[in-house]
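Q: Quick one: the structure is below, questions incoming.
Residue numbers (the numbering used here): 1 to 251.
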């Protein structure tokens with residue numbers, strides 16, 4: 001968002017939103033730079049609009065507002081909000097900054113959105129999933145659970161469709177067998193990376209205690225996290241499995 005052109009686009013969008021009281025997904029998608037793809041960046045923009053009382057609505061909802069205004073007096077901002085909430089179930093007025101709850105709740109609304117809305121929600125979902133993965137690799141218990149999943153899959157104690165969200169068929173096929181081997185290999189990579197890099201956390205604590213420079217160790221830890229997260233992104237973990245691992249961490 002540091003690009004001057006991007007800032008000007010957002011400023012123009014805010015001006016338009018303040019004038020109408022709302023913005024559409026299409027308007028927001030066109031203004032958002034392509035590099036805006038993290039929860040922090042998206043939430044920063046959402047917070048700005050929320051603070052300015054600008055609602056993000058589906059293109060179809062604007063027609064209801066226009067019809068209502070054509071039939072009588074100009075609607076107040078509060079009335080516009082009530083009208084849009086009646087048609088979309090009030091979902092946008094109950095946003096949460098928590099990425100997990102955010103993408104789980106909005107997944108159920110995707111079917112009601114037009115293409116622009118789906119693209120917008122998809123960006124938020126992808127950003128939320130990425131943040132969840134980075135949070136998981138911070139917790140040894142979560143990574144160890146992923147390692148166990150790989151072992152269970154390898155030994156036939158788990159089905160591929162319970163691990164990967166793109167598998168739906170129970171009947172084995174050559175493509176599924178190939179994907180199964182690929183997922184097992186990726187989870188094996190996660191195990192090897194984790195066991196190789198785990199001692200770095202001990203070294204980091206020792207450096208902090210001795211007041212030594214820790215930049216080199218921190219850089220290696222970041223490389224480890226990025227490597228593991230990339231493996232998890234390539235696997236495309238099933239949501240139910242992610243939920244189970246999160247519950248394991250909370251126990």
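The beta-carbon is built from N, C-alpha and C at its ideal position, and this holds for glycine as well.
1. Just curious, the alpha helix (DSSP H) that residue 54 is in, first and last residue?
2. Would you verify that the beta carbon of residue 148 is, or is not, closer than 7 Å to some beta carbon of chain B?
3. If you follow the alpha helix (DSSP H) that residue 186 is in, where does it begin and where does it stop?
4. Under the rule that 16 or more other beta-carbon atoms within 10 Å means buried, what is residue 127, buried or exposed?
5. Select from 173, 181, 222, 182 the residue whose C-alpha is nearest the C-alpha of residue 193.
6. If you follow the beta strand (DSSP E) that residue 23 is part of, which residue opens it and which one closes it?
7. Assign residue 32 to one of three DSSP states: helix, strand, or coil.
8. Taking the alpha-carbon of residue 155 as reference, which of 181, 45, 174, 238 has the nearest alpha-carbon?
9. Put residue 77 into one of helix, strand or coil per three-state DSSP.
10. By alpha-carbon positions, which one of 225, 54, 186, 23 ends up nearest to residue 200?
11. Give the secondary structure of residue 132 by DSSP, where H, G and I count as helix, E and B as strand, and everything else as coil.
12. Skipping 5 residues on each side, what residues in its chain have a beta carbon closer than 8 Å to that of residue 184?
13. Are the CB atoms of residue 137 and residue 229 nearer to each other than 7 Å?
14. With DSSP as the reference, identify every bridge partner of residue 237, one or two as the case may be.
15. List the endpoints of the continuous alpha helix (DSSP H) containing residue 154.
16. Buried or exposed: where does residue 240 fall if 16 or more other Cβ atoms within 10 Å of its Cβ makes it buried?
A: The structure says:
1. What you label residue 54 is simply residue 54 of the chain shown in a count that begins at 1. Careful: residue 54 lies outside any alpha helix (DSSP H) and carries neither H nor E.
2. Among the chains of the structure shown, chain B does not appear; only one protein chain is present.
3. As a working mapping, residue 186 is identified with position 186 in the chain shown. Segment 174 to 197, the alpha helix (DSSP H) holding residue 186.
4. Indexing the chain shown from 1 puts residue 127 at position 127. Residue 127 is buried by the Cβ-count criterion.
5. As a position in the chain shown, residue 193 is number 193, starting the count at 1. Selected option, being the one with the closest Cα: 222.
6. Taking the first residue of the chain shown as 1, we reach residue 23 at position 23. Segment 22 to 24, the beta strand (DSSP E) holding residue 23.
7. In the chain shown, the residue the question calls residue 32 occupies position 32. Residue 32 falls in the coil class under three-state DSSP.
8. Taking the first residue of the chain shown as 1, we reach residue 155 at position 155. Taking only the C-alpha atoms, the option nearest residue 155 is 181.
9. Taking the chain shown and counting its residues from 1, the one referred to as residue 77 is at position 77. Unreliable placement is indicated for residue 77, whose pLDDT of 47 sits below 50; no coordinate value is reported for it.
10. For this step, residue 200 is matched to residue 200 along the chain shown. Considering only alpha carbons, the answer is 225.
11. Here residue 132 refers to the residue found at position 132 when the chain shown is read from its first residue. Correct three-state label for residue 132: helix.
12. Walking along the chain shown from the start, residue 184 turns up at place 184. Taken in chain order, the residues that qualify are 150, 153, 154.
13. Sequence index remark: in the chain shown, residue 137 carries index 137 (1-based). Sequence index remark: in the chain shown, residue 229 carries index 229 (1-based). Against a cut-off of 7 Å, the Cβ pair of residue 229 and residue 137 comes out as a contact.
14. In the chain shown, counting from the first residue as 1, residue 237 sits at position 237. DSSP output for residue 237 lists 164 as bridge partner(s).
15. Along the chain shown, read from residue 1 onward, the residue named residue 154 stands at position 154. Element bounds for residue 154: 140 to 154.
16. In the chain shown, residue 240 corresponds to position 240, counting from 1. Looking at its Cβ environment, which holds fewer than 16 other Cβ atoms inside 10 Å, residue 240 is exposed.
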